[in-house]
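Peer 1: Mind looking over this structure? Questions follow.
There are 2 protein chains.
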Amino acid sequence: MSKTTTSKLATSKATEKPHCGPGRPRGFNEAKVLDAALHLFWRKGFEATSLDDLTAEMGLSRSSFYSAFGSKQGVLITALTSYSNAALAAFQELSESGDEDAVASMMSALADPNGGPRGCMLVNCITELAPHQEEVAEIGRRHLARIEELFASTICPNDPDTARNKARALSALAIGTLTLRKSGLPPDQISSALEAARGILTA
Amino acid sequence: MSKTTTSKLATSKATEKPHCGPGRPRGFNEAKVLDAALHLFWRKGFEATSLDDLTAEMGLSRSSFYSAFGSKQGVLITALTSYSNAALAAFQELSESGDEDAVASMMSALADPNGGPRGCMLVNCITELAPHQEEVAEIGRRHLARIEELFASTICPNDPDTARNKARALSALAIGTLTLRKSGLPPDQISSALEAARGILTA
DNA sequence: TTAATTTTGGACTATTCGTTCCGTATTTCC
DNA sequence: GGAAATACGGAACGAATAGTCCAAAATTAA
Numbered sequence: 001m002s003k004t005t006t007s008k009l010a011t012s013k014a015t016e017k018p019h020c021g022p023g024r025p026r027g028f029n030e031a032k033v034l035d036a037a038l039h040l041f042w043r044k045g046f047e048a049t050s051l052d053d054l055t056a057e058m059g060l061s062r063s064s065f066y067s068a069f070g071s072k073q074g075v076l077i078t079a080l081t082s083y084s085n086a087a088l089a090a091f092q093e094l095s096e097s098g099d100e101d102a103v104a105s106m107m108s109a110l111a112d113p114n115g116g117p118r119g120c121m122l123v124n125c126i127t128e129l130a131p132h133q134e135e136v137a138e139i140g141r142r143h144l145a146r147i148e149e150l151f152a153s154t155i156c157p158n159d160p161d162t163a164r165n166k167a168r169a170l171s172a173l174a175i176g177t178l179t180l181r182k183s184g185l186p187p188d189q190i191s192s193a194l195e196a197a198r199g200i201l202t203a
Numbered sequence: 001m002s003k004t005t006t007s008k009l010a011t012s013k014a015t016e017k018p019h020c021g022p023g024r025p026r027g028f029n030e031a032k033v034l035d036a037a038l039h040l041f042w043r044k045g046f047e048a049t050s051l052d053d054l055t056a057e058m059g060l061s062r063s064s065f066y067s068a069f070g071s072k073q074g075v076l077i078t079a080l081t082s083y084s085n086a087a088l089a090a091f092q093e094l095s096e097s098g099d100e101d102a103v104a105s106m107m108s109a110l111a112d113p114n115g116g117p118r119g120c121m122l123v124n125c126i127t128e129l130a131p132h133q134e135e136v137a138e139i140g141r142r143h144l145a146r147i148e149e150l151f152a153s154t155i156c157p158n159d160p161d162t163a164r165n166k167a168r169a170l171s172a173l174a175i176g177t178l179t180l181r182k183s184g185l186p187p188d189q190i191s192s193a194l195e196a197a198r199g200i201l202t203a
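If you read the sequences in order, they're chains H and L.
Each step along the first sequence adds one to the number in UniProt numbering, with nothing skipped, and position 157 is 157.
Each step along the second sequence adds one to the number in UniProt numbering, with nothing skipped, and position 145 is 145.
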């Protein structure tokens with residue numbers, strides 16, 4: 001009686017890869033499960049997230065998990081890399097918008113005073129893992145360097161030296177703000193402080 | 001043959017408590033083992049530090065550890081509290097020095113461009129634990145609020161409103177800088193950016 | 001000395017950890 | 001319809017985890 005149910009798993013939407021070689025096709029969307037993993041790491045931290053948590057949230061069996069990502073650390077690196085790329089792309093778009101208050105938008109995107117879960121996952125990972133996982137540190141360095149670069153090219157395309165310093169300060173400001181928010185400072189106080197500092201720094 | 005060695009443990013320096021009530025006296029200095037625990041947590045993070053790591057570093061048996069501190073979380077809270085108090089006292093002294101460049105000293109004390117292990121343990125704890133351990137969040141809030149307060153009273157004792165915003169920005173700046181350093185940015189680049197930002201913000 | 005009290009070492013427990021493995025299901029290629 | 005290849009469910013693994021327990025040791029008060 002168990003044989004009567006014919007599987008429908010493989011015939012899902014399958015927006016990404018329509019299945020190439022031989023063998024049974026995957027029953028999950030890689031981008032989606034990676035996103036689920038990322039948000040779980042964001043909520044709980046890397047060490048505090050267990051394999052049971054992870055596979056439950058991703059909807060994968062342990063076999064599928066390990067065959068696809070190799071290890072707990074592997075799935076973090078993969079998810080973090082694509083998160084960084086996506087975030088940087090969006091950030092670049094803001095910086096190239098030519099908008100008058102592009103810097104303000106960039107600050108908001110980074111510091112996110114209203115505090116959805118999309119603050120900056122990378123800051124968490126750097127703080128928790130960078131000293132002990134070189135791959136995470138590398139991703140973090142790349143990410144922050146690119147942010148600084150985009151800040152610099154936005155605020156002052158002429159004088160590169162002071163622009164660089166101001167850009168670094170803006171980055172540090174936004175990142176530090178994330179910690180303030182995480183400690184419980186109300187959003188409106190975050191906003192006003194950010195606003196004031198940005199006004200002064202970019203004047 | 002094992003009985004011949006008479007113990008000398010209890011007759012140590014014992015600078016803190018000369019032993020009051022009845023019963024066997026402790027063989028360890030509470031402040032010292034707390035400091036050891038704090039630095040281990042700082043190096044490895046809370047979740048990544050095991051009881052074996054902890055007791056080894058503190059030089060305690062599990063019995064002594066649990067009878068003195070109750071739990072892994074307990075020793076963190078205790079150590080973190082005294083760390084916060086000591087750091088804030090030193091910070092207050094800087095702010096009350098009347099020195100011309102008191103703000104610069106305060107920034108250095110917080111951001112510590114040369115990066116000894118005494119950066120700011122509290123930022124690590126906030127990032128890793130505040131969302132899930134209310135006690136840690138509370139200590140973090142207290143700590144950051146006090147820092148902001150001292151900044152505000154130092155830079156501009158008159159106009160309290162903009163002083164508050166600038167103080168908040170300086171705090172965020174210093175805290176964000178810690179993350180930059182942790183990601184691998186060289187100390188001299190940290191220093192120059194801090195210097196520039198501070199100059200602008202306090203002008 | 002003896003009784004009372006506290007600390008200490010380290011064995012122990014029950015659980016959870018990340019990872020591996022195997023039998024079965026599902027697909028493509030011939 | 002095979003054969004080959006890949007994915008899946010879930011049991012199993014050894015190591016590691018935070019925390020408990022108890023007998024022995026060390027002290028004070030009588």
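For each residue, glycine too, the CB sits at the ideal point set by N, CA and C.
Owing to the predicted nature of the structure, the values given are computational and were not obtained by experimental measurement.
When you compare the CB positions of residue 184 of chain H and residue 175 of chain L, do they come within less than 7 Å of one another, or not?
Peer 2: Against the first sequence, residue 184 of chain H aligns to sequence position 184. Against the second sequence, residue 175 of chain L aligns to sequence position 175. In this structure, residue 175 of chain L does not lie closer than 7 Å to residue 184 of chain H by Cβ.
Peer 1: What are the complete beta strand (DSSP E) segments, minimum 3 residues, inside the stretch 100-170 of chain H?
Peer 2: Runs of the beta strand (DSSP E) inside the stretch 100-170 of chain H: none found.
Peer 1: Counting pairs of Cβ atoms below 8 Å between the stretch 76-88 of chain H and the stretch 27-39 of chain H, do you hit three or more?
Peer 2: Counting Cβ pairs under 8 Å, three or more are found: they touch.
Peer 1: For residue 38 of chain L, name the three-state secondary structure that DSSP assigns.
Peer 2: Here residue 38 of chain L is taken as the residue at index 38 of the second sequence, counted from 1. Helix.
Peer 1: Is it buried or exposed for residue 10 of chain L, if we count other Cβ within 10 angstroms and need 16 for buried?
Peer 2: Numbered from 1 along the second sequence, position 10 holds the residue referred to as residue 10 of chain L. Confidence in residue 10 of chain L is poor, its pLDDT being 37 and thus under 50, which makes the residue's placement unreliable; the coordinate value appears in the next sentence. Exposed is the call here.
Peer 1: Can the beta-carbon of residue 87 of chain L be found closer than 7 Å to that of residue 168 of chain H?
Peer 2: Mapped onto the second sequence, residue 87 of chain L falls at position 87. Mapped onto the first sequence, residue 168 of chain H falls at position 168. Not a contact, by the Cβ cut-off of 7 Å.
Peer 1: Which residues, in chain order, does the stretch 64-98 of chain L contribute to contact with chain H at a C-beta distance below 9 Å?
Peer 2: The stretch 64-98 of chain L vs chain H, Cβ under 9 Å: nothing.
Peer 1: Along chain H, in chain order, which residues have C-beta atoms closer than 7 Å to that of residue 160 of chain L?
Peer 2: Position 160 of the second sequence holds residue 160 of chain L. Result: empty, since nearest Cβ-Cβ is about 14 Å, beyond 7 Å.
Peer 1: Output, in sequence order along the chain, the residues in the stretch 169-191 of chain H whose CB is closer than 9 Å to any CB in chain L.
Peer 2: Here the close residues are 169, 170, 171, 172, 173, 174, 175, 176, 177, 178, 179, 180, 182, 183, 184, 185, 189, 190.
Peer 1: Name the chain L residues that come within less than 8 Å of residue 127 of chain H, Cβ to Cβ?
Peer 2: Along the first sequence, read from residue 1 onward, the residue named residue 127 of chain H stands at position 127. Correct list: 123, 124, 127, 128, 179, 182.
Peer 1: Which residues, in order along the stretch 18-50 of chain H, keep a beta-carbon less than 7 Å from a beta-carbon of chain L?
Peer 2: Taking 7 Å as the Cβ-Cβ cut-off against chain L, the residues of the stretch 18-50 of chain H that qualify are 45, 47, 48.
Peer 1: Of the residues H:179, H:172, H:190, H:188, which one's Cα is nearest the Cα of residue 201 of chain H?
Peer 2: Position 201 of the first sequence, counted from the start, is the residue given in the question as residue 201 of chain H. For residue 201 of chain H, the nearest C-alpha among the options comes from H:172.
Peer 1: On a CA-only basis, which of H:32, H:145, H:59, H:64 is nearest residue 181 of chain L? Give me that one, please.
Peer 2: Translated into positions along the second sequence, residue 181 of chain L becomes position 181. Residue H:145 is the option with its Cα nearest to residue 181 of chain L.
Peer 1: Let me make sure I understand the geometry here. Which of H:90, H:104, H:48, H:131 has the alpha-carbon closest to that of residue 72 of chain H?
Peer 2: Indexing the first sequence from 1 puts residue 72 of chain H at position 72. Measuring from the Cα of residue 72 of chain H, the nearest candidate turns out to be H:48.
Peer 1: So, at 7 Å on beta carbons, what are the nonlocal neighbours of residue 196 of chain H in its own chain, with the 5 sequence-adjacent residues on each side left out?
Peer 2: Looking up residue 196 of chain H in the first sequence gives position 196. So no residue of the chain qualifies.
Peer 1: What does the alpha-carbon distance come out to for the pair residue 160 of chain L and residue 54 of chain H?
Peer 2: Position 160 of the second sequence, counted from the first residue, corresponds to residue 160 of chain L. Position 54 of the first sequence, counted from the first residue, corresponds to residue 54 of chain H. Roughly 48 Å separates the two Cα atoms.
Peer 1: At a threshold of 6 Å, does residue 201 of chain L count as lining the ligand ATP (C-beta to nearest heavy atom)?
Peer 2: Among the ligands in the structure shown, none appear at all, so the ligand ATP cannot be discussed.
Peer 1: Could you give the distance in angstroms between the alpha-carbon of residue 118 of chain L and the alpha-carbon of residue 103 of chain L?
Peer 2: Translated into positions along the second sequence, residue 118 of chain L becomes position 118. Translated into positions along the second sequence, residue 103 of chain L becomes position 103. Its pLDDT being 49, under 50, residue 118 of chain L is placed unreliably in this model, and the value from its coordinates should be taken loosely. Approximately 19 Å, taken between the alpha carbons.
Peer 1: In its own chain, which residues sit with a C-beta less than 7 Å from the C-beta of residue 123 of chain L, not counting the 5 before and 5 after it?
Peer 2: Translated into the one-based positions of the second sequence, residue 123 of chain L becomes position 123. Same-chain partners within the cutoff: 175, 178.
Peer 1: Is there a C-beta anywhere in chain L that falls below 7 Å from the one on residue 141 of chain H?
Peer 2: Within the first sequence, numbered from 1, the residue matching residue 141 of chain H stands at position 141. At least one chain L Cβ lies under 7 Å of residue 141 of chain H.
Peer 1: When the Cα atoms are used, what is the spatial distance from residue 153 of chain H to residue 24 of chain H?
Peer 2: Counted from its first residue, the first sequence places residue 153 of chain H at position 153. Counted from its first residue, the first sequence places residue 24 of chain H at position 24. Using only the alpha carbons, I get a separation of about 49 Å.
Peer 1: For residue 164 of chain L, collect the residues of the same chain with a Cβ closer than 6 Å to its Cβ; drop the 5 residues on either side in sequence, then sort them by chain order.
Peer 2: Numbered from its first residue, the second sequence carries residue 164 of chain L at position 164. Excluding sequence neighbours, residue 164 of chain L sits near 152.
Peer 1: Less than 7 Å between the beta carbons of residue 91 of chain L and residue 150 of chain L, yes or no?
Peer 2: As a working note, residue 91 of chain L is residue 91 in the second sequence. As a working note, residue 150 of chain L is residue 150 in the second sequence. Yes, the pair counts as a contact, with Cβ atoms nearer than the cut-off.
Peer 1: Is DSSP giving residue 25 of chain L helix, strand or coil here?
Peer 2: Along the second sequence, one-based indexing puts residue 25 of chain L at 25. Residue state, collapsed to three classes: coil.
Peer 1: What residues in its chain sit with their C-beta under 6 Å from that of residue 143 of chain H, if we drop five residues either side in the sequence?
Peer 2: The residue labelled residue 143 of chain H in the question sits at position 143 within the first sequence. Excluding sequence neighbours, residue 143 of chain H sits near 84, 122.
Peer 1: Quick one: what does DSSP say residue 46 of chain L is sitting in, helix, strand or coil?
Peer 2: Indexing the second sequence from 1 puts residue 46 of chain L at position 46. It is coil, neither helix nor strand.
Peer 1: If you measure between the beta carbons of residue 198 of chain L and residue 107 of chain L, is that distance less than 7 Å?
Peer 2: Within the second sequence, numbered from 1, the residue matching residue 198 of chain L stands at position 198. Within the second sequence, numbered from 1, the residue matching residue 107 of chain L stands at position 107. Yes. Within cutoff.
Peer 1: With DSSP as the reference, label residue 97 of chain L as helix, strand or coil.
Peer 2: Locating residue 97 of chain L in the second sequence gives position 97, where the first residue counts as 1. Looking at residue 97 of chain L - three-state DSSP - the assignment turns out to be coil, as it is neither helix nor strand.
Peer 1: Starting from the beta carbon of residue 200 of chain L, find every residue of chain H whose beta carbon is closer than 7 Å, and list them in chain order.
Peer 2: As a first step, residue 200 of chain L must be located in the second sequence, where it is residue number 200. Per Cβ cutoff of 7 Å: 200, 201.
Peer 1: Under 9 Å Cβ-Cβ, which residues of chain H neighbour residue 104 of chain L?
Peer 2: Locating residue 104 of chain L in the second sequence gives position 104, counting from the first residue. Residues of chain H passing the Cβ test: none, with the nearest at roughly 14 Å.
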